[in-house]
Every structure is written in structure tokens, then in C-alpha cells.
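**Q** Got a structure here, written out as C-alpha cells. Questions coming.
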Amino acid sequence: MAKERMLQFVTVEREMPEKRPADLRAQDFHEIYREFAAQKAAEQASRCSQCGVPYCQSHCPLHNNIPDWLRMTASGRLEEAYALSQATNTFPEICGRICPQDRLCEGNCVIEQSGHGTVTIGSVEKYITDTAWENGWVKPVKPAVERAESVGIIGAGPGGLAAADMLRRKGFQVTVYDRYDRAGGLLTYGIPGFKLEKPVVMQRIDQLEASGVNFVMNCKVGEDLSFDAIRGQHDAVLIATGVYKMRDVGGPGVGQKGIVQALDYLTASNRKSFGDEVEAFDNGDLDASGKRVVVIGGGDTAMDCVRTAIRQGATSVKCLYRRDKANMPGSRRETQNAEEEGVEFVWLAAPKGFAGNGAVEGVMVQKMRLGAPDATGRQTPEVIEGADYVEPADLVITALGFEPEDLPVLWGVPELAVTRWGTVKADFQTHQTALPGVFAAGDIVRGASLVVWAIRDGREAADAIEAYLAQPASVAAE
Numbered sequence: 234m235a236k237e238r239m240l241q242f243v244t245v246e247r248e249m250p251e252k253r254p255a256d257l258r259a260q261d262f263h264e265i266y267r268e269f270a271a272q273k274a275a276e277q278a279s280r281c282s283q284c285g286v287p288y289c290q291s292h293c294p295l296h297n298n299i300p301d302w303l304r305m306t307a308s309g310r311l312e313e314a315y316a317l318s319q320a321t322n323t324f325p326e327i328c329g330r331i332c333p334q335d336r337l338c339e340g341n342c343v344i345e346q347s348g349h350g351t352v353t354i355g356s357v358e359k360y361i362t363d364t365a366w367e368n369g370w371v372k373p374v375k376p377a378v379e380r381a382e383s384v385g386i387i388g389a390g391p392g393g394l395a396a397a398d399m400l401r402r403k404g405f406q407v408t409v410y411d412r413y414d415r416a417g418g419l420l421t422y423g424i425p426g427f428k429l430e431k432p433v434v435m436q437r438i439d440q441l442e443a444s445g446v447n448f449v450m451n452c453k454v455g456e457d458l459s460f461d462a463i464r465g466q467h468d469a470v471l472i473a474t475g476v477y478k479m480r481d482v483g484g485p486g487v488g489q490k491g492i493v494q495a496l497d498y499l500t501a502s503n504r505k506s507f508g509d510e511v512e513a514f515d516n517g518d519l520d521a522s523g524k525r526v527v528v529i530g531g532g533d534t535a536m537d538c539v540r541t542a543i544r545q546g547a548t549s550v551k552c553l554y555r556r557d558k559a560n561m562p563g564s565r566r567e568t569q570n571a572e573e574e575g576v577e578f579v580w581l582a583a584p585k586g587f588a589g590n591g592a593v594e595g596v597m598v599q600k601m602r603l604g605a606p607d608a609t610g611r612q613t614p615e616v617i618e619g620a621d622y623v624e625p626a627d628l629v630i631t632a633l634g635f636e637p638e639d640l641p642v643l644w645g646v647p648e649l650a651v652t653r654w655g656t657v658k659a660d661f662q663t664h665q666t667a668l669p670g671v672f673a674a675g676d677i678v679r680g681a682s683l684v685v686w687a688i689r690d691g692r693e694a695a696d697a698i699e700a701y702l703a704q705p706a707s708v709a710a711e
């Protein structure tokens, strides 16, 4: 019934909008949508086979108790379902929206493996958490006992925020330092609003503030405040900066106007959605409207860029990737979404340089083929000689992945050990670095990865910090 009502509502709005009072439209649609969503959530949850070996749970980095909260959802016990979901996942409303479920829980659903289509776990997770927020079930954290020890967290992304939440639940005093003016990291400024609505992120930040987490924003460690000063103010420090340095593209013509990095492009778009003034967007430098856009890269960030460009009104959007579709590193679901929205993929194509005279006019493309597998078993792209051509472009967005910044140099802490890739060296179980009382978690340790892994790392680091601070001072100092 809810589905029929929703279809009827959409048809009336599209074909006879004058028949419905404007002041009732949003309210009516929301009511019908909620009824439809409730029906679909219960329907999908009831499809769970409650198998004896829940592969969905074992393939979730957080090991969420998916079968149990699906069963609760199917029987209408939504508040209990939310409580169970929240017990293992700090941000279920975010994971339900942006996790690549096709590669994790849903991709390993027994029903999916048997050929009957997966249970849409992510959509159910999103529904029960949105319902929890609407009904006031999500409340500020109130520790049973307040503790005197304080923890400083550098980085307000998913890893840092997950740790902050867990540490407050344990009663610790928590201060989060971040370079941006709003907390959330890439949740706020990297992921587009059509995938992750910004009010969803901001309401969780508000909840953490109401729980007693202190945020120090617009704070660049090493410039506005030294790392040593942060260590001196707290009993333990967690480094959860993420990785923000984008890999550069090379070749002739680099540096021309119109060649931009993905993070700059996405940040400008997200800032505009907050109502901020963004000069580089307003003057057209970071606005794809009316332009021929070429995005270089094949990961989820590249998909965010092409889909954002479509929404900004680009005349054409093409994505260059040096391997074929089967070898795309990003989510297949995201690639399919981009194709359906009108993005053209140019497979087996790599940039050689850029045409133009001060302002980019095109990408010099080398055609590729896949050769012998490398040490990882992945086929290596090889150049096809004599097959170069120029792909016309007014805006080129490079999305070649992220690398860690040189924290020991930026922060003036040469004793902070890093790997040969520049990531912080930390124990993968305790998350402790070589510096006493200093921990690290998330992408700054494992390299660019998924939000769900950062959440897991942050939660684990909170437990390790609690154990560290419970030791006698003489032991902790060793």
C-alpha cells in the first residue's frame, strides 16, 4: 500500500503539481516516504535467513551483529535494533549510507550467494538509525563515573570521532583538534552531500559536543599549536589525522589553469552546500557547470567527482582509467551509479600530459593494454605505441589517491617513527606508537581506506588508551 501511495504522489507532483497545495508537499512526501521506508525495511529484514554462519557479520570490519538487528527490525522492535547496532558501530547512520556493502556484508550474504538477491543491509541500517534520531532515542553520552585523565585527539574524522565517543563513555576528558572549521574530516568536506547528507554528520557532531567532547577547530598542529604542547596538556594523545596529501599527476602542461585536485574540487562543492563563500567556486575555477570535464582515476573519490560534476551541470563528464572495468579499485555500485547518470568511462587510458596554452584544453591520452600480472597478481598496464590522442577538456580533476603528510617534519617530531610509505608506525593491536602515551589509528596508520575501518581503529585505540592509563605511572612511562 505504501508503495502505491508513493508512486501516486510522485506521479501527481510530476504531472499535476497544481493539484497539491505547496505547503503540504514536503510534509506529505515525508509521511509517505517514511511509511514506504518502514515497509521496505521490514520486508528486507524478514528476508534474512538467520543462517548458522553469518558471513555478513564476519565480513563487516566492525563485526556488527547484523542478523539479530535484522530480526528485531522485521518484528518492529526498532529501538532495540538501533541499540544493538550502535553497540558495535559508533556511526551506523553514516555506514548505512556510504559503506561499500557490495564488497562487505551484502556481497557475502548467503541469500546473495544463492542467487536470490542480497538483503539490503545498508538500507535497513540507515532506516533504523534515522528512525532512532527522529524518535529521540539517540542521546548524549553520560558516563557513569567521570575520570580526571584527559586525552587529546588530533583529527576530527571518523577514526578520531569514534575514539572520542568511546573515551567519553569510559569517563575520560576528551579534546579533539582539527585543521578545518567543522568537524567530520572527509565525512564533512570529502564525501558529496548526495551520498552523505551533511545534517546527518552535523547532528552526530552536536551529540558528541553535548556529551562533553571539546573541539578545537581551525587548529593546524605544528603551526597554531605544537605537538609537544598537546602532549603536555593530556595524559595520552591519539593521532587520527587521516591522509590528505593527494598524489600528483605528471607530464607536460601540468600546472595550467583548469587542472585541479579532487579534494579541492569536492571541498569547494561541499562548502557551497553549507552556504559558505568559496571564491574558487564562485569565479568558476572549481565549478563544472557548462564545462567538458575529465576525471583521472578509478577509485571512489573519482566516482564522487564525476557524479558531482554531473549535478553541477557539466556539458560532458568522462572518466579516464588506465585499466579495464573489472580492475576498477572503487565500488562497482558507484561505477554503475555514475554510468546511469551519464558519465562516460574511457577504459585503458592514461594521461601523458595536457594540451593548452595557460588554460587546459585537453588531456593527452595514451591508450593502454593489460600485460603480465605483477607480484600481486594484478595485470600491469602497458602503453600501446602510436595510439595517443587528445581528449578535449575545460576542467581536469585528478583523483589518483591519497598519501600521508610528513608528520615528523610538519610537527617537528623526528622521533615519531613512520613507515617507508610515510604512515605512522603503530602496533596493529594496541595502536601505540614508539612515543610513550601516543597512539595512532585510521588511515594515518593503514593508508587510505574505508570509513568503517577508521571507526574500528578508533574504537580499538580507545580501549588501548584506557588500558594504558590504568597502568601505574612507572609502567606507562616505560
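All residue numbers for the sequence shown refer to this note's numbering, where the first residue is 234 and numbers rise by one. Quick reminder that beta carbons are idealized off the backbone N, C-alpha and C, glycines included. Predicted, not measured: the structure shown is a model, and the values here were computed from it.
Going by beta carbon distance, what residues of the same chain come within less than 6 Å of residue 458, once the five residues before and after it are set aside?
**A** Taken in chain order, the residues that qualify are 452.
**Q** Please go through the same chain and pick out, in chain order, the residues whose beta-carbon is closer than 7 Å to the beta-carbon of residue 506, but skip the five residues on each side of it.
**A** Taken in chain order, the residues that qualify are 426 and 431.
**Q** Using the three-state DSSP reduction, which class does residue 498 fall into: helix, strand or coil?
**A** Three-state DSSP puts residue 498 in a helix.
**Q** Mapping the DSSP letters down to three states, classify residue 406 as helix, strand or coil.
**A** Three-state DSSP puts residue 406 in a strand.
**Q** Counting pairs of beta carbons, one from the stretch 437-455 and one from the stretch 415-426, are three or more of them closer than 8 Å?
**A** With a cut-off of 8 Å, the stretch 415-426 and the stretch 437-455 count as touching, because enough Cβ pairs lie within range.
**Q** Helix, strand or coil for residue 476 per DSSP?
**A** Looking at residue 476 - three-state DSSP - the assignment turns out to be coil, as it is neither helix nor strand.
**Q** What is the C-beta distance between residue 691 and residue 393, in whole angstroms, given that I count them as a contact (C-beta under 8 Å)?
**A** Indeed they touch by this definition, with Cβ atoms about 6 Å apart.
**Q** Excluding the 5 residues flanking residue 524 on each side, which residues of the same chain have their C-beta closer than 6 Å to its C-beta?
**A** So the list reads 547, 627 and 628, once near-sequence residues are dropped.
**Q** Under DSSP, the alpha helix (DSSP H) around residue 327 begins and ends at which residues?
**A** 325-331 is the extent of the alpha helix (DSSP H) around residue 327.
**Q** Just list the residues that DSSP pairs residue 553 with in beta bridges.
**A** The partner list for residue 553 (beta bridge, DSSP) reads 529 and 579.
**Q** In this structure, how does DSSP classify residue 454 when only helix, strand and coil are distinguished?
**A** In this structure, residue 454 counts as strand in the three-state DSSP scheme.
**Q** Compute the minimum distance between the beta carbon of residue 286 and the heavy atoms of the ligand GTP, and state whether it is under 7 Å.
**A** Ligands in the displayed structure: none, and consequently the ligand GTP is not present.
**Q** Considering only the alpha carbon of each residue, which of 383, 327, 597 and 347 lies closest to residue 471?
**A** Considering only alpha carbons, the answer is 383.
**Q** Assuming residue 603 is part of the beta strand (DSSP E), what are its boundary residues?
**A** Run containing residue 603: 593-606, per the beta strand (DSSP E) assignment.
**Q** Where do the ends of the alpha helix (DSSP H) carrying residue 413 lie?
**A** Looking at the DSSP string, residue 413 is not in any alpha helix (DSSP H), and its letter there is neither H nor E.
**Q** Based on DSSP bridge pairs, tell me the residues matched to residue 469.
**A** DSSP output for residue 469 lists 384 as bridge partner(s).
**Q** Take the Cβ of residue 399 as the centre, count every other Cβ of all protein chains shown within 10 Å, and call the residue buried at 16 or more, exposed below.
**A** Buried, because 16 or more other Cβ atoms sit within 10 Å of the Cβ of residue 399.
**Q** Grab the span of the alpha helix (DSSP H) containing residue 367 for me, first residue to last.
**A** Here the alpha helix (DSSP H) through residue 367 covers 354-367.
**Q** I need the DSSP call for residue 693, collapsed to helix, strand or coil.
**A** DSSP places residue 693 in helix when its eight states are reduced to three.
**Q** Per DSSP, which one or two residues make a beta bridge with residue 587?
**A** DSSP lists 596 as partners of residue 587.
**Q** Would you call residue 296 buried or exposed, if buried means 16 or more other Cβ atoms sit within 10 Å of its Cβ?
**A** Residue 296 should be labelled exposed.
**Q** Looking only at its own chain, which residues have a Cβ that is under 8 Å from the Cβ of residue 644, when we skip the five neighbours before and after it?
**A** Once the five neighbours on either side are set aside, the close Cβ partners of residue 644 are 454, 455, 459 and 460.
**Q** Could you check the C-alpha separation between residue 664 and residue 552 for me, to the nearest Å?
**A** If I take the Cα positions, the gap works out to 37 Å.
**Q** Grab the span of the beta strand (DSSP E) containing residue 612 for me, first residue to last.
**A** Note, residue 612: beta strand (DSSP E), 612-616.
**Q** Where does the unbroken alpha helix (DSSP H) through residue 568 begin, and where does it stop?
**A** Per DSSP, residue 568 belongs to the alpha helix (DSSP H) from 565-573.
**Q** Leaving aside the five residues before and after residue 697 along the sequence, list all residues of the same chain whose C-beta is less than 7 Å from its C-beta, in chain order.
**A** Excluding positions up to five away in sequence, the list reads 663, 664, 665 and 672.
**Q** Would you please verify whether the beta carbon of residue 285 is less than 8 Å from any beta carbon of chain C?
**A** Given the protein chain composition of this structure (a single chain), no chain C is represented.
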